[in-house]
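Student:
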Amino acid sequence: MNERQIVLEVNGKEYKLTVKPNELLINVLRERLGLMGTKYGCGVGECGACTVLMDGNPVLSCQMLALSASGSKITTIEGIAQNGRLHPLQEAFLDEGAVQCGFCTPGMILSAKALLDKKPNPTDMEIKEAIRGNICRCTGYINILRAIKTASLKLSERSR
Amino acid sequence: MEKRDYHYLGKDFPRKDGFARVTGKEVYPSDVALNGMFFGKILRSPHPHAKIKSIDTSEAEKMGAVCITYRDVPDKYFNVRLVSVPRSTYMDWQILSNKVRQVGEPFAAVAAETEELAQRAAESVKVEWEILPSYLNTEDAMNATENLIHDHVYLEDEKIEIKNNIACMRELTEGDVTAGFKEADVIVENEFVTPRVYHCQLEPRSSVCKPEPDGGVTVWPSTQALHNTRILIGELFDIPLNKVNVVRVTGGGHFGSGIHTNRVILINVALALKAGTPVKIIPDREGDIYEHCRYPVRYTLKVGAKKDGTLVAGEMKALVDIGSHHIQAFAFLGVLVGWWHSLYRCKNLKYKGIAVYTNKAPSCAMQGYGAPQVTFGVETTMSMLAEKLGMDYLEFRLKNYVGLGETFWGQGPTVRSTIRSDGVEELITRGAELIGWNNRQPPEKKTGRYRRGIGMARGFHTSGTGAPVPGEVKDYTTAMVKINEDGSVDVLTSLMDQGGGTLDAAAKLVAEELGVPFDKVGISPADTRSTGYDVCTHATRGVYCGGGAVLEVARKAKEVLLEYASRILEAPVHALKTRPDLEREQGEVYVDGMEEKSITIAEVAQTAMNNDWGTAIFAKSHRMIACPPAFTTFFVEVEVDTETGRVTIERVVAGSDAGVVINPSLARGQIHGGFYRGAGMALLEDTHYDEKTGRLTNLGLLTDYKMLGPEDLPDEEHFQTFFANTYEPTGPMGAKGIGEAALNPVPAAVASAIQNATGIWFTKLPILPEDIVKALRQKKEGIATFEPEKDKNHTIEREFLKIRSF
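The listed protein sequences derive, respectively, from chains R and G.
Here the first sequence stands for residues 11 to 170, where the numbers follow this note's numbering.
Here the second sequence stands for residues 999 to 1804, where the numbers follow this note's numbering.
#1: Establish whether the CB of S1028 of chain G and some CB of chain R are separated by less than 9 angstroms.
#2: With distances taken between CB atoms, is the gap from G112 of chain R to N144 of chain R smaller than 9 angstroms?
#3: Quick one: using the 10 Å Cβ neighbour count with 16 as the cut-off for buried, is V17 of chain R buried or exposed?
#4: In angstroms, rounded to a whole number, what distance separates the CA positions of C114 of chain R and I1794 of chain G?
#5: Determine, using beta carbons only, whether S1663 of chain G and G150 of chain R come nearer to each other than 9 angstroms.
#6: Is there a C-beta anywhere in chain R that falls below 9 angstroms from the one on G1498 of chain G?
#7: Cα separation between G1707 of chain G and S1052 of chain G?
#8: Leaving out the 5 sequence neighbours to the left and right, which residues in its chain are closer than 6 angstroms to P1515 of chain G when beta-carbon positions are compared?
#9: Against chain R, with Cβ distances strictly below 9 angstroms, would G1520 of chain G count as a contact?
#10: Below 9 angstroms between beta carbons: does that hold for G1256 of chain G and L1200 of chain G?
#11: Less than 9 angstroms between the beta carbons of K1518 of chain G and A1524 of chain G, yes or no?
#12: Taking E1201 of chain G as the query, report the chain R residues whose CB atoms sit under 9 angstroms from its CB, ordered along the chain.
#13: Is the beta carbon of Y1026 of chain G closer than 9 angstroms to that of H1225 of chain G?
#14: Please list the residues of the region 1502-1526 of chain G that have a C-beta atom closer than 9 angstroms to any C-beta atom in chain R, keeping them in chain order.
#15: By the 9 angstroms beta-carbon criterion, what residues does the region 1006-1026 of chain G contribute toward chain R?
#16: Checking 9 angstroms against the spacing of the C-beta atoms, do Q1409 of chain G and F1190 of chain G come in under that value?
#17: Please state whether DSSP places Q1496 of chain G in a helix, a strand or coil.
#18: Should K85 of chain R be labelled buried (16 or more other beta-carbon atoms within 10 Å of its own) or exposed?
#19: Quick test of the definition: if touching needs 3 or more C-beta pairs under 8 angstroms, does the region 155-163 of chain R touch the region 1731-1742 of chain G?
#20: Do Y1288 of chain G and Y1342 of chain G come within 9 angstroms of each other at the CB atom, strictly closer than that value?
#21: Any C-beta of chain R within less than 7 angstroms: which residues of the region 1257-1289 of chain G qualify?
#22: Within the region 1379-1458 of chain G, note down every full beta strand (DSSP E) run reaching 3 residues or more, in order along the chain.
#23: Tell me, please, whether the CB atom of V1206 of chain G is closer than 9 angstroms to any CB atom in chain R?
#24: Counting along the chain, where does the beta strand (DSSP E) carrying E1593 of chain G start and finish?
#25: When DSSP labels each residue in this structure, what does S1361 of chain G get in the three-state scheme?
#26: Excluding the five sequence neighbours on either side, which residues of its own chain have a C-beta within less than 7 angstroms of the C-beta of E1126 of chain G, listed in chain order?
#27: Taking Cβ-Cβ distances below 8 angstroms as the criterion, which residues of the region 78-90 of chain R are in contact with chain G?
#28: Using the three-state DSSP reduction, which class does A1119 of chain G fall into: helix, strand or coil?
#29: Please determine, among G:L1574, G:Y1297, G:R1418 and G:K1778, the residue with the shortest C-alpha to C-alpha distance to T1136 of chain G.
#30: For the alpha helix (DSSP H) containing S1564 of chain G, name the first residue and the last one.
#31: Which ranges does the beta strand (DSSP E) cover as unbroken runs of at least 3 residues, wholly within the region 1290-1353 of chain G, from first to last along the chain?
#32: Which chain G residues sit within Cβ distance under 7 angstroms of G150 of chain R?
#33: Out of G:S1461, G:M1167, G:N1436 and G:K1023, which has the shortest C-alpha to C-alpha gap to K49 of chain R?
#34: Mind pulling the chain R residues with CB within less than 8 angstroms of T1701 of chain G?
#35: Any beta-carbon of chain G closer than 9 angstroms to the one on P98 of chain R?
#36: Nearest to C148 of chain R by CA position, among G:I1521, G:K1554 and G:I1669, is which residue?
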């Protein structure tokens, strides 16, 4: 198959990569760039564990060809802490006990981040809607919802 | 012993592994990457029951792939689950066989340099099948006399012929049931059916294996039992155990599906050994759904009581559809009666259980190990009896529950111990207050389309499987505690943290015992070459048994530390105490009553090192002599839409008796999660098979395996949790378990709430909207119990009669 050159900006760093036309974004992130925080949970776009942000929007990296991501800005879980400081969502997930096995956590945090970036003070329904595509089998979602609310408060205080 | 003021126990700290988990740095089996690593693909059967006539892997090999079939693996029978002792472990597994017993059963595997090549190689393998008759339900399976799913299995060295696809049976009688029922003023008898739930742990069970130059292997598997995985690999591949290293990596969820060594791991080892290079296998989701599920149980339960509410007799007959292989159904049949008998006192009881093979995914432990299944029927029966006797549910339960000072055997008849802490009354009384039990209205008073109902159920899980006299289940943990030269501490065990905070609890117990700041206690990376045996992190035993072992070892390490300190402080050991000095961020040793005479733990450790005294270190195996019940009670309020049958969970009050609670926030998280999975089992979750093709009707897709989502659970304000004020005298600093107890009564509580809303008892799970609508129609005709549809030719009674030995 004809390999092609793509350019990806991942977590603020630019990568020039040669990829096959059938190569998935998740595999490029995990195997080529070593960003193992993006998780493989089902491979068919049902569980949300592979969620990353593409130009700020949540996408399922197991359903996206690396080719079609070319030219975009990708954010993975490894890229949201700033200068060694955890993102308020990461802090809140820790403080509110929203992490159990942790396998859904990266995708969940990124879905929540996409929401809070657009809507700093979402309603409960909007939060639930935003994470509907992210399955968590451990927590029963209650502490996750609380963590997202806590982070939203923290973020809006900060922007004041 | 009683509660005291703790520095760390009962207080919340961010979990130690949390930073890695929120930053994407935690390593799960699927994240392990090694130089020269191949990718493995498993070939799975398209047929429910078939023999391989011929298999041709030559195309795949031409592509450069390494292939294994039944010809390339050791021809040995085993059981994947090594938690029970050998004399009660039936062996019917082979790593790969020339016979497949379910759709999705692995029959070959390939490994290649890239995932793409492995996939293409897998697709090139040609198989000629001889199709055998398949049995997709217990009736067909038990009617079969030839073409059985297994012809024979092994129990230790004994070869056992299988008849009618019956995997094993178990019975138990106590007292005189016939006489007991004669004394009864009321009798309630029903048939209950519970679903074949899929664990749906978020990470498909993955594994990485590296062949080592010394002939050994290093494995990074998805498992709850590092040491059992190691022992099985050593046995099957004839590798000395000191060359089998199984490394602890975090599992992306288990819920019981990692108690046994999943076959993926064994295939992984076989592939890597043949390839001579590391191999990684990440199964796809469809493959994973065919690997494991919760034991579905169909059972009759008959219980009699006297007018004053005393239970006089009980009889249970259970039929368990175990699927294609034995993941210890014998032990499972034992616990079914254990859960029942340990919930309510009843001196006359009779129990029979049968486990039947079918051509479906093998069923195994899932949170509760039979307790949610049994608690559903028992709690429903208790409420029905109370109603018949005109007693309040709560009063009836308080009169009959097995509590303080009584013997219980939740883990089956061979694991008996005495209850020494009992928060049941507190859980029931406080829960009732919080939900407003006294204002609860009977179903007759409810009208209109939307009807609210309040229900309740209680239950328990054992904290581990220990007893004064060891039973069928192994139950010890080995730990090491080492005090470092800067006063920090390393804790080394092969316990797993499934997400509930087991290892944080272990660290807190050590911090508390040694008197060092919590953040100075570290959990060391673990593997089987550097740790001693631990049976498995299962059975709600992490905190009680695992924590118990770690605490015991910390005490011994502290003895060494204090002996060194007494030389320095020139005071006898018994006069020395320790405590954390938070200003100096150090633990310190001081002379009791002369607190100015003190020294930091770091100084003691350094002095001991520089004087050649040694390190304050200790390692030991430790077994707990009980498995105290972690009690829970759930009060649930639902709203039922009588037109659509939709059930909305409006409010939950969950009480837990976990003894001294070590990690309150994480323990609450366990309750939330337990409720979520329990409510899913009550209302939604099940797997079905197409009887013609033998395939799962969800086709291995999660979109067609419905689970509750964030919008289906009550908000935090409507989900109250509380803990009973108890102290478990045998537990580490008073603690018991919580994990599985957080789910066990949930399906029963939801069913009870639906009954209060609709007036109908549902005896089959999940309670689907269409069942509710249908039942409401039947109710107009005066039927108040909605039973599972019965095939008159296949009643449990009839099935049991077929088996002469019963």
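A virtual CB, placed ideally from N, CA and C, is assigned to each residue, including glycine.
Tutor: In short, the structure shows the following:
#1: yes
#2: no
#3: exposed
#4: 42 angstroms
#5: no
#6: yes
#7: 46 angstroms
#8: P1578 and E1583
#9: no
#10: no
#11: no
#12: K49, Y50, G51, A59, C111 and F113
#13: no
#14: So nothing in the stretch comes that close.
#15: D1010, P1012, R1013, D1015, G1016, F1017, A1018, R1019, V1020, T1021, G1022, K1023, E1024, V1025 and Y1026
#16: no
#17: Q1496 of chain G: coil per DSSP, three-state reduction.
#18: The question names Lys, yet the displayed sequence has Thr at residue 85 of chain R. Buried, by the Cβ-count rule.
#19: no
#20: Result no, Cβ atoms of Y1342 of chain G and Y1288 of chain G do not sit closer than 9 angstroms.
#21: I1280, D1282 and R1283
#22: none
#23: no
#24: M1592 to T1598
#25: strand
#26: K1051 and S1052
#27: T86, I87 and E88
#28: helix
#29: Minimum Cα distance to T1136 of chain G is reached at G:Y1297.
#30: G1545 to L1567
#31: 1295-1303 and 1309-1321
#32: H1670, G1671, F1673, Y1674 and L1711
#33: G:K1023
#34: E56
#35: no
#36: G:I1669
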